[in-house]
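The structure appears below as C-alpha cells.
There are 2 protein chains.
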Amino acid sequence: MSVPEAKPAPLFDKLALIGIGLIGSSIALAAKREGLVRTVVAATRSQATADTANRLGIVDHCGTDLAAAVKDADLVIVCTPVGACGENMRVIAPNMKPGAIVSDVGSVKQAVIRDMRPHVPAGVHFVPAHPIAGTEHSGPEAGFPDLFKGRWCIVTPLEGVDRAAADRLAEFWRGCGSMVEFMAPDWHDKVLGIVSHLPHLIAYTIVGTADDMAGEQRSEVIKFAAGGFRDFTRIAASDPTMWRDVFLNNREAVLEILARFQEDLFYLQRAIRWGEGDKLFEIFERTRGIRRALLDMKQA
Amino acid sequence: MSVPEAKPAPLFDKLALIGIGLIGSSIALAAKREGLVRTVVAATRSQATADTANRLGIVDHCGTDLAAAVKDADLVIVCTPVGACGENMRVIAPNMKPGAIVSDVGSVKQAVIRDMRPHVPAGVHFVPAHPIAGTEHSGPEAGFPDLFKGRWCIVTPLEGVDRAAADRLAEFWRGCGSMVEFMAPDWHDKVLGIVSHLPHLIAYTIVGTADDMAGEQRSEVIKFAAGGFRDFTRIAASDPTMWRDVFLNNREAVLEILARFQEDLFYLQRAIRWGEGDKLFEIFERTRGIRRALLDMKQA
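Top line first, the protein sequences correspond to chains Z and Y.
Those letters in the first sequence? Residues 40 to 339, per my numbering, in order.
Those letters in the second sequence? Residues 40 to 339, per my numbering, in order.
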C-alpha cells in the first residue's frame with residue numbers, strides 16, 4: 040500500500056474568473072480538484088448563468104458584479120469572448136489587488152492585448168494566455184476538469200512583464216494538465232489562424248452551404264453525413280459569439296491565410312474542370328505526409 | 040442458456056472480388072464471417088497485393104488474372120478506383136456466368152455506369168452500389184469485417200434491371216451490416232458531392248495550404264494541430280488514387296457545389312474584412328442546427 044501523495048500548497052489564494060462558460064467552468068473544476076487555489080469565485084453578466092454555476096457548485100460563489108469578484112484575488116482570468124475582454128478589464132481594474140496577475144483565455148492575442156492593456160493598473164501583472172482546448176458545447180454545464188489535459192496552453196508574455204508572474208501562470212496551467220509554450224502574440228495569431236481559425240471558417244461555410252440546400256436535398260445531406268461532412272458539423276457547432284469575435288479580431292491573419300487557401304482551392308477546381316488527374320493526385324498524395332508527421336507527434 | 044442461432048444458408052455460392060484494397064478485403068472478411076458466401080476469391084493487377092492478401096488469408100485465393108477469378112462466380116464486385124471500373128468490366132466480361140450479378144463500390148455512380156454497362160454481357164445483372172464507409176488507410180492490410188456495420192450502402196439499380204437481383208445484392212449488404220437505400224444514380228452523385236466529395240476536396244486543400252508553409256510555421260502547424268486542423272488531416276490522408284478518380288468522374292456535381300461553397304466563403308470573407316459581426320453570427324448560429332439534426336438522427 041502506498042501513502043497518498045501530499046498535495047502541494049496552492050499556487051494562488053483566490054482565483055477570480057470573469058465569465059463562467061465552457062472554459063471558465065473547466066478552469067474552476069480543474070483548479071479545485073488539483074488544489075491549485077484555495078478559493079475560486081466567478082462573475083458573469085447573466086443572472087441565469089450565475090444561477091446555473093451556483094446550482095452546479097462549480098465555484099465557491101458566482102455573482103454578477105464583475106468588479107466585486109476580483110477583490111483580493113491574486114489571479115484573475117478573463118474567460119469571456121475576445122470582443123468583451125477590453126471592457127471587462129476596464130470594469131474590474133479599480134478593484135484589482137496590487138501584485139495580482141490578470142490573464143485571459145482568448146483565441147486571439149494581439150487584439151486582446153490592444154484592448155486590455157490600457158486598463159491594467161500599475162502594479163498588476165498582465166500575462167495573456169490561450170489554452171487550445173474546447174468542445175462544441177458552451178455554458179457552465181459544458182465544463183469538465185479534464186478539458187485541458189494534454190492540451191497546449193500558449194502564454195504570450197509582454198515585453199517588460201515580470202517573468203516570475205509569467206512563470207507562475209505557466210505553473211497554474213501545467214497544474215490544470217496543460218503543456219505550456221511561450222510565444223510572441225503576433226506569431227500566435229498567425230499560427231492559430233492556420234490551425235484553428237481557418238478550419239473553423241471553412242467548416243462553418245460548408246455546413247452553411249449544405250444548410251441552404253432545398254428540402255429533400257438537405258435531409259439527404261443529414262442522412263448520409265457520414266461521408267466526411269459529419270466532422271465539419273462538429274466544428275461548425277462551436278459557440279457563435281466566441282467565433283464571431285475571433286474573426287473580427289484576427290482579421291489580418293485570417294484574411295491572409297484565407298487568400299492562400301482560395302488560391303489553392305481554385306487551382307484544384309481548375310484541375311477538376313480540365314480533367315488534370317496528375318495535379319490532383321500530386322496534392323492528394325502530398326497531404327498524407329502531414330498526417331504522418333502528426334501521428335509521429337502523437338497529436339492525432 | 041440459449042441455443043446458438045443457426046446461420047442461414049449462404050446468399051451466394053462464389054463471390055469474386057476485383058481489387059482487394061480496404062473495401063474489397065473488408066467485404067471478404069464480412070462475407071466470410073457472416074456466412075454470406077461459400078467461397079470468396081479475389082484478383083488484383085498487383086502481384087505484391089495478391090501476395091499480401093494470400094498471406095493474410097483474407098480470401099480463399101487471390102490471383103492476378105481478373106478474368107479467371109470471375110469464372111463460376113454468382114456475385115462479382117469490382118472494388119477498384121472508379122477510373123478502372125470500365126476497363127476491368129471489359130476484361131472480366133467474357134468469363135462471367137449467365138445469371139450472375141456484377142456490382143461495384145464506386146463513390147460515383149453515373150460515370151461508373153457509363154463505363155461499365157457497355158461491357159456487361161447479356162444475361163448478367165449489373166447492379167451498381169456504393170457502401171459509404173472507409174478509413175484513411177488503404178490496402179488489404181487495412182480491411183476489417185466491421186467496416187460496413189451501421190453504415191449506409193446506396194444501391195442504384197438501372198432501369199430494366201431484374202428487381203430480384205437488386206434485392207439479393209441489398210440482402211448481401213445488409214448481411215455485411217449495412218443499412219441499404221435505393222437511389223437514382225444522378226441523385227446519388229449530387230448528394231455525395233455535398234456530403235463527401237466537397238468535404239474531401241476542402242480538407243485536401245487546407246492541409247495542402249498548410250503543407251506549403253515555410254519551415255518554422257509548418258512545424259508549428261503540426262505541433263498545434265489540435266485546434267481544429269487535425270480533423271482535416273485525417274480526411275486528407277485518404278487514398279489519393281481513389282479520390283483523384285472521384286473528382287474526375289463526378290466533375291459536374293462537384294463543380295456545381297464548389298461554386299456555391301466559394302460564393303458562401305467569399306460572403307464570409309467580405310464580412311470579416313468589413314467587420315460585419317452580425318452576418319458572421321447569423322451563419323455561425325444557424326450551422327448549429329444541422330449538427331442538432333444529425334444528433335437527432337444518431338449520425339454523429
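Don't be surprised by glycine CBs; every beta carbon is placed ideally from N, CA and C.
Because the structure is a prediction, the values reported are computed rather than measured.
For Y/L208, which residues from the same chain have a beta carbon less than 8 Å from its beta carbon, with the 5 sequence-adjacent residues on both sides left out? L114, I140, S142, V166, A168, V194
Would you tell me roughly how many angstroms separate the C-alpha atoms of Y/A223 and Y/S277, rounded to the nearest one? 26 Å
Can you confirm whether the segment 326-338 of chain Y touches the segment 268-282 of chain Z when touching is taken to mean that 3 or more C-beta pairs between the two stretches lie within less than 8 Å? yes
Verify the CB distance criterion: does Y/A223 have a CB-CB separation below 9 Å to chain Z? no
Looking at chain Z, is there any beta carbon in it that lies within less than 9 Å of the beta carbon of Y/P238? yes
Sorted by chain position, which residues of the same chain lie with C-beta nearer than 6 Å to Z/N93's C-beta, five sequence neighbours on each side aside? C101
With 9 Å as the threshold, decide whether the Cβ of Y/T272 is near any Cβ in chain Z. Yes, because at least one Cβ of chain Z sits closer than 9 Å to the Cβ of Y/T272.
Below 8 Å CB to CB, which residues in the same chain sit around Z/G232 once its five sequence neighbours on both sides are set aside? N289, A292, V293, E295, I296
Whether Z/L20 touches Z/A67 by CB criterion (9 Å): The displayed coordinates of chain Z run from 40 to 339. Any statement about residue 20 of chain Z would go beyond what the structure contains.
Identify the contact partners of Y/R290 in chain Z, using a Cβ-Cβ distance below 9 Å as the criterion. I311, R312, G314
CB-CB under 8 Å to Z/D99, same chain, minus the five flanking residues each way: which ones, in chain order? Within the same chain, T78, V79, V80 come within 8 Å of Z/D99 by CB-CB distance, once the 5 residues on both sides are set aside.
Give me, in chain order, the residues of the same chain whose beta-carbon lies closer than 7 Å to that of Y/V219; leave out the 5 immediate sequence neighbours on both sides. Listed in chain order, the non-local C-beta contacts of Y/V219 below 7 Å within the same chain comprise C192, V194, A209, W212, R213, local neighbours out to five positions each way being set aside.
On the criterion of 16 or more Cβ atoms from any shown chain inside 10 Å, does Y/M155 qualify as buried, or is it exposed? Buried is the call here.
With DSSP collapsed to three states, give me the class of Z/A147. The identity of residue 147 of chain Z in the sequence shown is Val, whereas the question assumes Ala. Three-state DSSP puts Z/V147 in coil, outside helix and strand.
For Y/R202, which residues in the same chain have their Cβ closer than 7 Å to its Cβ, ignoring the five residues on either side in sequence? Nothing meets the Cβ criterion.
Does any CB atom of chain A fall closer than 9 Å to the CB of Y/P279? Judged by its chain identifiers, the structure shown contains no chain A, and its protein chains are Z and Y.
Y/I311 to Z/A298 span [Cα, whole Å]: 13 Å
Would Z/I261 and Y/L237 be called neighbours here (beta carbons separated by less than 9 Å)? Contact flag unset, no.
For Z/R84, would you say it is in contact with chain Y, using Cβ-to-Cβ distances shorter than 9 Å as the test? In terms of beta-carbon proximity, Z/R84 stays away from the interface with chain Y, with every pair separated by 9 Å or more.
Given Y/D340, which residues of its chain have a CB within under 7 Å of its CB, disregarding the five upstream and five downstream residues? Here chain Y comprises residues numbered 40 to 339, so residue 340 of chain Y is not present and cannot be evaluated.
Is it buried or exposed, Z/I308, if we count other Cβ atoms within 10 angstroms and call 16 or more buried? Sequence check: residue 308 of chain Z is Gln here, not Ile. By the 10 Å Cβ count, Z/Q308 comes out buried.
For Y/M40, does the three-state DSSP call read helix, strand or coil? Below a pLDDT of 50, predicted positions are generally treated as unreliable, and Y/M40, at 48, falls in that range; no measurement from the model is reported.
Can you check whether the C-beta of Z/V234 is within less than 9 Å of a C-beta belonging to chain Y? Yes, because at least one Cβ of chain Y sits closer than 9 Å to the Cβ of Z/V234.
Would you identify the three-state DSSP class for Z/A209, choosing helix, strand or coil? Helix at Z/A209.
Counting C-beta neighbours from all protein chains within 10 Å, is the total for Y/K71 16 or more, i.e. buried, or is it exposed? buried
CB of Y/I97 within 9 Å of CB of Y/I131, strictly: In this structure, Y/I131 does not lie closer than 9 Å to Y/I97 by Cβ.
For the beta strand (DSSP E) holding Y/T272, just list the boundary residues, first then last. Counting along the chain, Y/T272 falls outside any beta strand (DSSP E), though it belongs to the alpha helix (DSSP H) covering 268-274.
With a threshold of 9 Å between beta-carbons, can Z/W226 be considered close to chain Y, or not? yes
Rank Z/C215, Z/V159, Z/V151 by C-alpha distance to the C-alpha of Z/R129 and give the top, closest one. Per the Cα distances, Z/V159.
Proximity test, Cβ basis, 9 Å: Z/F263 and chain Y: yes
Those residues which DSSP pairs with Y/S142 across a bridge: As computed with DSSP, Y/S142 is found in a beta bridge with Y/I116.
Under 6 Å Cβ to Cβ from Y/V144, same chain only, skipping five residues before and after it: list those, please. I62, C118, P170
Please classify Z/C215: does DSSP put it in a helix, a strand, or coil? DSSP, read as helix, strand or coil, puts Z/C215 in coil.
List in chain order: all unbroken beta strand (DSSP E) runs of 3+ residues lying wholly within the segment 278-337 of chain Y. none
Pick from Z/W282, Z/G199, Z/D104, Z/R331 that is closest to Z/N127, judged by C-alpha positions: Z/D104
Name the chain Y residues whose beta carbon is nearer than 8 Å to that of Z/Q256? Under the 8 Å cutoff, chain Y gives K229, V230, I233.
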